[in-house]
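Enquirer: First residue of the sequence shown? That's 1 in UniProt numbering, and the numbers climb one at a time after it. Virtual Cβ for every residue (Gly too), placed ideally from N, Cα, C.
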Amino acid sequence: MKRKGKYSKWSFFSSPTSPNQAPNSMVKLQQLLGSIRVPKTQKRTPKTAGMRSIYRRLEIRVLGLENDMGLDKSVEFYEEFLDEELLYKKLVCKLIAKSLAPYVAGVCRSKKAEISSELATQGLSVLTSGLEVITVDKAVEFSYEELSTATNDFSLANKIGQGGFGSVYYAELRGQKAAIKKMDMRASKEFLAELRVLTRVHHLNLVCLLGYCVKGSHFLVYEYVENGNLSHHLHGSGPSERDPLPWSIRVQIALDSARGLEYIHEYTVPIFIHCDIKSDNILIDKNFNGKVADFGLTRLTEVGSRSRVLGTFGYMPPEYAQYGEVSPKVDVYAFGVVLYELISAKKAIIRANDAAGEPKGLISLFDEFLSQANPKDELVKMIDPRLGDNYPLDSVMKMAQLAKSCTNVDPQQRPSMRSIVVALMNLSSSSEK
1 MKRKGKYSKW
11 SFFSSPTSPN
21 QAPNSMVKLQ
31 QLLGSIRVPK
41 TQKRTPKTAG
51 MRSIYRRLEI
61 RVLGLENDMG
71 LDKSVEFYEE
81 FLDEELLYKK
91 LVCKLIAKSL
101 APYVAGVCRS
111 KKAEISSELA
121 TQGLSVLTSG
131 LEVITVDKAV
141 EFSYEELSTA
151 TNDFSLANKI
161 GQGGFGSVYY
171 AELRGQKAAI
181 KKMDMRASKE
191 FLAELRVLTR
201 VHHLNLVCLL
211 GYCVKGSHFL
221 VYEYVENGNL
231 SHHLHGSGPS
241 ERDPLPWSIR
251 VQIALDSARG
261 LEYIHEYTVP
271 IFIHCDIKSD
281 NILIDKNFNG
291 KVADFGLTRL
301 TEVGSRSRVL
311 GTFGYMPPEY
321 AQYGEVSPKV
331 DVYAFGVVLY
341 ELISAKKAII
351 RANDAAGEPK
361 GLISLFDEFL
371 SQANPKDELV
381 KMIDPRLGDN
391 YPLDSVMKMA
401 QLAKSCTNVD
411 PQQRPSMRSI
421 VVALMNLSSS
431 SEK
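Shown next, in the form of structure tokens:
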């Protein structure tokens, strides 16, 4: 785009469409953008820098809003602007954005109406949160009254879990057992991320989404998975003491989880990256099959892209924790930590017994033992004592070696989830003998 005069002025329309043909809200947006231009000769201050940044970003978004294909990208960019730019530039930017928001939202509403009309014939509906628009199957929408009745008005007696983004309640809906996640209203991005993934992706080893509700709060309704999560079984953090998982079951849960991750990494279009794999997010059903859950931080991204760092300490690889670099190998690294947990029943971060001691990562602890001259002998010290002698040491050693390759500092040296599935299939068959 070409700049004109002494102002940072950009042409508003790169397409043949003229401003006269644009929606009324678009014209108003143009006028408002024109009013916040800052002369290039004016001294650079946080205020002028913020106004220039807003001007450039939102004017480029105007171009995107000219066509359907550009809408999603435009909205996504504007949401990012609201989250990060406003907080950084504070009052000046906040006031400008507040005045712009009705016009941008107006464009989105008119676009939503067009999409809704088209999708109605296909049995689909449009769901929005903020400025994002996604499509979901009408059949999965629950009323607030239905959820409230099924949970006894979200009583403590029905509460079965608490997470970073909200509480989980047990319910029986339409003749089926369900788990209802009541999410914090501030967690709209996480709510939409889960909807985006679980309405597109269906696999035996991924938790099944039954429906949603957006009245009063954000609600996600899942299949009820009877045996809780893997962390409860390994670390005794559940509501009651559980029997230790036999070694063969641990291998099977690892294989099931790997298959779920392999599916979203290799076979979905587009691919997804979970970004928060941990023992808390692997559920176990009544037959002790593993299911990957909690897609609130899932990224729809290309390999090598960068993102704001969100996840769980102890499971994040260096390239993600330090630089925000996202790839499927982020999930591979975290999965390696889960394999170490399955072997040892220790948490990803081991707290020191005394206040002066520093916490230690499970990865570094295993690295110490596996680097010894006789790693098998040392590995025995790390195996969950509740297993007694009921495990094949060769099988445990192979899982430890697989975990070590998964947690390699160099992401290029980590195996793919497809390779991990093959390795665990071999391990599973040998463990059953």
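1. Who are G290's beta bridge partners in DSSP?
2. Could you check whether A193 and G296 sit closer than 9 Å to each other, using their CB atoms as the reference points?
3. Taking contact to mean at least 3 C-beta pairs separated by less than 8 Å, is the segment 314-328 in contact with the segment 407-419?
4. Roughly how many angstroms lie between the CA atoms of Y263 and V421, to the nearest whole one?
5. Quick check on P415: does DSSP put it in helix, strand or coil?
6. Under 8 Å, with one C-beta from each stretch per pair, do the segment 245-255 and the segment 273-281 reach the 3-pair mark?
7. Taking K189 as part of the alpha helix (DSSP H), name the residues at either end of that continuous run.
8. Identify which residue in Y222, V207 and M185 has its Cα closest to the Cα of E141.
9. Any chance you could list the alpha helix (DSSP H) runs of at least 4 consecutive residues sitting entirely within the segment 346-394, in chain order?
10. Suppose you measure from the CA of P375 to the CA of S148; what does that come to, to the nearest Å?
11. So, do the segment 208-225 and the segment 331-339 have three or more beta carbon pairs nearer to each other than 8 Å?
12. Might you give, ordered along the chain, the residues of its own chain that have their beta carbon closer than 7 Å to the beta carbon of residue 434, omitting 5 neighbours on each side?
13. Would you please state the rounded distance, in angstroms, between the beta carbons of V329 and L370? I believe it to be under 8 Å.
14. Pull up the DSSP beta-bridge partners for M183, would you.
15. Would you kindly report the start and end of the unbroken beta strand (DSSP E) that includes L209?
16. Does the structure place the segment 177-196 close enough to the segment 204-219 that three or more beta carbon pairs sit under 8 Å?
17. By alpha-carbon positions, which one of M417, K398, R414 and S143 ends up nearest to S429?
Expert: The relevant details are as follows:
1. I284
2. yes
3. yes
4. 11 Å
5. coil
6. no
7. S188 to L198
8. Y222
9. 362-370 and 375-379
10. 54 Å
11. no
12. Since the first residue shown for the chain is 1 and the last is 433, residue 434 is missing from the structure and cannot be characterised.
13. It should be noted that the sequence gives Lys, not Val, for residue 329. Wrong, their Cβ atoms sit about 20 Å apart, outside the cutoff.
14. G166 and H218
15. L209 to C213
16. yes
17. K398
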